[in-house]
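Engineer: Numbering (the working numbering), first residue to last: 271 to 322.
The following block contains the structure:
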């Protein structure tokens, strides 16, 4: 995964891999001053992260 995309401002709660090989995980925001989003559900396809 991309180094630095997720740091101490996110906490991963759940992780699952689907049949297509995508990795899905839920996050909650930690330190509000360092986060890019409020957390939520993310998909990683081996190249990019998408926040839903």
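Yeah, the Cβ is synthetic: ideal placement off N, Cα and C, and Gly gets one too.
In the structure shown, what three-state DSSP assignment does residue 283 receive?
Structural biologist: In this structure, residue 283 counts as strand in the three-state DSSP scheme.
Engineer: To the nearest whole angstrom, what separates the beta carbons of residue 247 and residue 310, a pair I think is in contact under 8 Å?
Structural biologist: There is no way to answer for residue 247, as the model of the chain reaches only from 271 to 322.
Engineer: If you draw a straight line from the alpha carbon of residue 294 to that of residue 314, how long is it in whole angstroms?
Structural biologist: Spanning the two alpha carbons is a distance of roughly 6 Å.
Engineer: Given residue 284, which residues of its chain have a CB within under 7 Å of its CB, disregarding the five upstream and five downstream residues?
Structural biologist: Within the same chain, residue 284 has close Cβ partners 295, 296.
Engineer: Can you name the residues that DSSP bridges to residue 322?
Structural biologist: In DSSP, residue 322 forms no bridge with anything.
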